[in-house]
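Contents: one structure, followed by commentary.
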Amino acid sequence: MDLREFPREGEEALPDAASLLGWEDSDLSFGSHQDVDLSCGDFPDEVADLAPDESGPLLRCLKRLYRKGKKEKTRRRRTISSVPDLSAMATIWEENEHPGCPEEPELFLASWRSTMDYFSHKKEDGVMKKSFLRFLSILSKTINWNNMTEFFMDNFTSDLVGAVTEMVKKEPPEPTSICLYAMTTIIDLSKRHITKAMGSYKKGILLRTFFKSVFSLSPLKMAPEEGGTDVSSIQYTKGLFIGTYQTFSEMLQQLMLENPVPLELERILQLMVSWLQSSEADQRERAIWSCASLLNFVASKVKLDTTSKFSRLGHLVAVLGTCCGDPVKSISSKAAKSVHLLLSVVLGQKISKLDPKSVHSEIIRRKHKEFLESWNPLVFLKNPSRVAEVFGVYFSPRERTDFILTALDSLTEHCSSISTTEGLLATMVRNCGAEIEKVSDIMDGICSRLDLIRRPSARRLVMKLVGLMASRTQHLDTVISGLLEHSFPPDSNASQLWRSISTEEVVKEQLLENLLARLQRHQSIEQQTTSTSIAITQALYDVISVPDSKEPLQRLYPELLLVLLVELDFSLQTEALPEAGSLQKQCGRGGSLASFAAETLKLLLLHMGCRYEVTFMEKEKGWAMLQNSRDQLEGVTLLARAMLHFACPEITRILDLLFSLLHKGNEKSTATAIAFFVELLHFQEIDHLPEDQIMDSLEEWTRHSSPEVRSLGLRGLGILAIHPDKVEEVKALLPSLLGSLEETDCRVATEGMVALQNLLKFMQRNDIVSLAEKLLPLFNMADAKARTSAVALFAELPNVVKKKEKYLVQEQVSQSLVPLLLHLQDEEPEVVKGCQEALTRCFRFLGWTLPKKVISKKAWHDHPEIAESICRQISWKSKGIPAVLLQCLDHFQCPQVSIRRAAAIFLGCVVQCAEPAVITQEKKDLIFLSLHKLQDDPDPSVRLTAWQATRMVQEACTTLSILPRGQIPLHRMGSQERHGGVSERGHWDLSDPALTHRWNPASPISHRIVPSSTKKRTPGPSRQA
-7 MDLREFPREG EEALPDAASL LGWEDSDLSF GSHQDVDLSC GDFPDEVADL APDESGPLLR
53 CLKRLYRKGK KEKTRRRRTI SSVPDLSAMA TIWEENEHPG CPEEPELFLA SWRSTMDYFS
113 HKKEDGVMKK SFLRFLSILS KTINWNNMTE FFMDNFTSDL VGAVTEMVKK EPPEPTSICL
173 YAMTTIIDLS KRHITKAMGS YKKGILLRTF FKSVFSLSPL KMAPEEGGTD VSSIQYTKGL
233 FIGTYQTFSE MLQQLMLENP VPLELERILQ LMVSWLQSSE ADQRERAIWS CASLLNFVAS
293 KVKLDTTSKF SRLGHLVAVL GTCCGDPVKS ISSKAAKSVH LLLSVVLGQK ISKLDPKSVH
353 SEIIRRKHKE FLESWNPLVF LKNPSRVAEV FGVYFSPRER TDFILTALDS LTEHCSSIST
413 TEGLLATMVR NCGAEIEKVS DIMDGICSRL DLIRRPSARR LVMKLVGLMA SRTQHLDTVI
473 SGLLEHSFPP DSNASQLWRS ISTEEVVKEQ LLENLLARLQ RHQSIEQQTT STSIAITQAL
533 YDVISVPDSK EPLQRLYPEL LLVLLVELDF SLQTEALPEA GSLQKQCGRG GSLASFAAET
593 LKLLLLHMGC RYEVTFMEKE KGWAMLQNSR DQLEGVTLLA RAMLHFACPE ITRILDLLFS
653 LLHKGNEKST ATAIAFFVEL LHFQEIDHLP EDQIMDSLEE WTRHSSPEVR SLGLRGLGIL
713 AIHPDKVEEV KALLPSLLGS LEETDCRVAT EGMVALQNLL KFMQRNDIVS LAEKLLPLFN
773 MADAKARTSA VALFAELPNV VKKKEKYLVQ EQVSQSLVPL LLHLQDEEPE VVKGCQEALT
833 RCFRFLGWTL PKKVISKKAW HDHPEIAESI CRQISWKSKG IPAVLLQCLD HFQCPQVSIR
893 RAAAIFLGCV VQCAEPAVIT QEKKDLIFLS LHKLQDDPDP SVRLTAWQAT RMVQEACTTL
953 SILPRGQIPL HRMGSQERHG GVSERGHWDL SDPALTHRWN PASPISHRIV PSSTKKRTPG
1013 PSRQA
């Protein structure tokens, strides 16, 4: 509806609200000379209800009003009538009652409770509603409220608000007399300062109810419908409609007169905001009309208290400024008028504080008047953004923050005046950007609302505001903290804000330093990945992605590289924790926490120009290794190797930083950082680092409790052994290197062997002998890489021993032949290749001819003739045959199936090739018992090979007399006996070789051959069978 269509001067006058209610001013005046005595009941049957001791004066008054209302209802048919004057004392108090006595508050409280109980039973009755509201108006004028206790007032106002609110809410969305009665009652109560005693909370509930009732009224129908209501009914409804708005305005004005402070005006206007921003034009129009009416009243007739001030002026100005751009012209014009009136009120507050005796007061008042005339409503209507320009000067930091946050709310999709709001915000940023405070509140508001701001121009404006705040050094840390709080889980909005800040030239370097320091501090305290570290890592990714950030990246590159490597380590450790599930679910990316640090590290390398390193890592699957806890150290080593290979110019700085942190015993000295540092020791220019400190650190790591760190310390020693000037220092730690070969952890043993291989040519002969003895058990380690390293290192021994000292290791070389031959059948191709090379060197060292079948790739259990050929070509000494047999038996317990098969076949070949006198009865018993147990192997191919080897041994033993006691030749055994094992007559009372030759993972070769005391053997021509 348009309120401008209401009757103007010269038109037919309509009755006012009091006339519609039948409450003339003369009727409700406190000092009326009309006395209508209602002290006696009008109906005899209800006289009993009026006993003073039972009901109290308040309840008796309500009952009289109710009976009077019921009596008048029968003769009132939508006519304007009046009610008797009920304001005199006699209407409430009996002659024997004394209002001024000390017992008055207690009497009132009991009577009030009885009254509310009576009303609650009849609250659905329309007559009771009107009677109750009349009763409240009368009560407001006849009671000395100054004598009421705080307890009574609290009960009274609570019941009052509850009853009136419930009444109004149940009314239909059209003008009704109940709503009119209620507002008139509030006016009467306000005149006695009773609504002020309600407090802001209760008054807010009451006003919200009235606002909804008035602003949500159905549009007024001016023309009668065909066959519908008559003209008089329309006229009555129209009068009631207009009377409702007039009474509503009077109520708001009276509330301001009751409590003339800026906060009261602000509270009332704040309650209108939701209606000013309504999607319904009718509701916005009614709200802005009421707002303008109240502001006009305050500006012209109310002198606000100068000791108090507005608390959320910025919010009101932003809302009214947005309304100035409303597409409905009547709304925008009223909004512009409201802004002008609010400006007048604000300036009036400031002028009233001036000393009236000052000579400058009149000049200031005149200038303010001229200022208001220049900033007339038409200025705001034509250019709403100027609202921010004129008010921004008077805003406090809190008010400026409220203005910005309110403007951000208006930038969301549901607002119809986004263009106007953009202008307001842009003007505020442009004119007052340097004075913005309360940055944390603004950042929270921006981050929580950005997802709802979809318009590109609006998003750019918000980014500009964030960049402006970040450009102030004193606000940068606050901006970063606010953004980090909203950066987990990571989303596109947070990323866009980080990139926007990074484009500010004065910010990008400080931003990187701040994020780097935060992540370093978090790692030193938490020692694990959390939502905070993920947010910082993702923020670093967004900042690094900005192309213009290369210069600060260049300066901070070593620190960034190290902190990301440490974060990778912490991420993988956190993923192994049981409570990591919720964190992984929140961050997405398939639940990988390490992916954040890995992606940021990759981007850092790309922006530093390390494209070859990134490509190398991708080809070698290094990025996947970095995100896998099992292969992480290998991935880190691969990255360092790539940086060395492609001559990264920052190697020296990175090495210096790593050394300083690791040497200080920093808590961030994780295995990842150590692995990176150790690999960088390949760098040729490490002479500038303190040599003794490096050696101390490496020696300390070799004694670390973690196998990973011990292996890295050994790797470092092996790398230093490559540098000629570091050999002597590494040799001093040779006992530690030799001791690492006894480690059960394959990684530690492998790194120890690699280090010894680099140091081999500088070792003394005693150390070489000791090394040879320690290497033999390592041929059967479970890890293929460890077996490969052991075989490769042993293959180097014959080359480093001088000719005159060959006798020192000749026994160990001889003992290595059987393990090396058996591992020609190893499952790992690299081990097979190493064994072939080692056998070549060992045969050359012994002066023997290498069997040609050594290079054969065929499986011995399918082609036993290959093993037989190899065995016949080797120059076995008779006294060495028992040792060979024991080594074969020992390999029956090897974890590899292929080795167990090869040992069985080779055992049969050795027995066939040996002289009969060498194989004693005790050895035969041991052989058959071991083969018999091997026939129970879980692998079927091993069981078959055991039967095959048993046949070979039986064929070598041509007579029954040489078989074990009770053993039946294989060709005479039935199928049942073959599977059953031993015949009933047979007995195995020999010692179980499984007890004396048990497989020991720590020292797989349990059959140690006692070294011969034979003197040096003069090499001669080889014997071939």
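Residue numbers for the sequence shown, in the working numbering: -7 to 1017.
From the three backbone atoms N, C-alpha and C, an ideal C-beta is built for every residue, glycine too.
Taking all protein chains shown into account, Val498 has fewer than 16 neighbouring C-beta atoms within 10 Å of its C-beta and is therefore exposed. Closest option to Arg276, judged by alpha-carbon separation, among Phe289, Ser325, Asn251, Ser303: Ser325. Counting C-beta atoms within 10 angstroms of its own C-beta, Phe143 has fewer than 16 neighbours from the protein chains shown and is therefore classed as exposed.
Measuring C-alpha to C-alpha distances from Leu812 to each of Ala782, His855, Ala279 identifies Ala782 as the nearest. Of the candidates Ala830, Gln817, Leu918, Gln817 places its Cα closest to the Cα of Ala895. Across the structure, Leu504 and Glu671 are spaced so that their CA atoms are roughly 28 Å apart. Cα atoms of His680 and Gln520: separation of roughly 34 Å, rounded to the nearest angstrom.
Across the set Ile897, Gln246, Phe675, the C-alpha of Ile897 shows the shortest separation from the C-alpha of Cys880. Leu625 sits close to Ala663, with the two beta carbons spaced by under 9 Å. By the beta-carbon neighbour count (other beta carbons within 10 angstroms, threshold 16), Asp540 is exposed.
Collapsing the DSSP output to three states places Asp180 in a helix. For Ile517, the number of other beta carbons within 10 angstroms of its own is below 16, and it is reported as exposed. Restricting attention to Phe395, Asp737, Phe675, the CA atom closest to the CA of Ser698 is found in Asp737.
Burial state of His815 is buried, judged by a 10 Å Cβ sphere holding 16 or more other Cβ atoms. Within the same chain, Leu548, Glu551, Leu552, Val555 come within 7 Å of Leu508 by CB-CB distance, once the 5 residues on both sides are set aside. Across the structure, His599 and Leu575 are spaced so that their CA atoms are roughly 29 Å apart. Secondary structure note for Gly306: its alpha helix (DSSP H) is the uninterrupted segment 305 to 315.
Taking C-beta atoms under 8 Å as the contact rule, Phe111 and Cys53 fail to qualify, at a distance of about 12 Å. In terms of Cα proximity to Ile434, the closest of Ala399, Ile666, Glu272 is Ala399.
Asn423 and Arg278 have their C-alpha atoms roughly 33 Å apart. The beta carbon of Val761 lies closer than 8 Å to those of Leu800, Val801, Gln804 in the same chain, with the five residues before and after it left out. DSSP places Met600 outside both helix and strand once states are collapsed to three, so it counts as coil. As the crow flies, the alpha-carbon of Ser563 is around 8 Å from that of Ser584. Here Gly196 carries a helix assignment [DSSP, helix/strand/coil]. With respect to the 9 Å criterion, Ile178 and Met243 are classified as neighbours on the basis of their beta carbons.
With contact defined as three or more Cβ pairs closer than 8 Å, the region 637 to 649 and the region 609 to 620 are not in contact. The three-state reading of DSSP puts Tyr237 in helix, counting H, G and I together.
The distance from the Cβ of Ala568 to that of Ser621 is about 7 Å, consistent with a contact at the 8 Å cut-off.
CA-to-CA, the gap between Leu595 and Leu457 works out to about 28 Å. Judged by DSSP in its simplified three-state form, Ala906 adopts coil rather than helix or strand. One alpha carbon belongs to Ala859, the other to Cys949, and they sit about 19 Å apart.
In this structure, Leu247 is the residue among Leu247, Lys321, Lys577 with its C-alpha nearest to the C-alpha of Asp180. Scanning its chain for C-beta atoms nearer than 7 Å, with the 5 sequence neighbours on each side dropped, one finds around Pro874 the residues Lys915, in chain order.
Between Gln502 and Thr529, the C-beta spacing is not below 9 Å. Between the alpha carbons of Tyr386 and Ala284 lies a gap of roughly 21 Å. Unbroken alpha helix (DSSP H) stretches of 4 residues or longer found wholly inside the region 355 to 412: 369 to 374, 378 to 383, 389 to 402, given in chain order.
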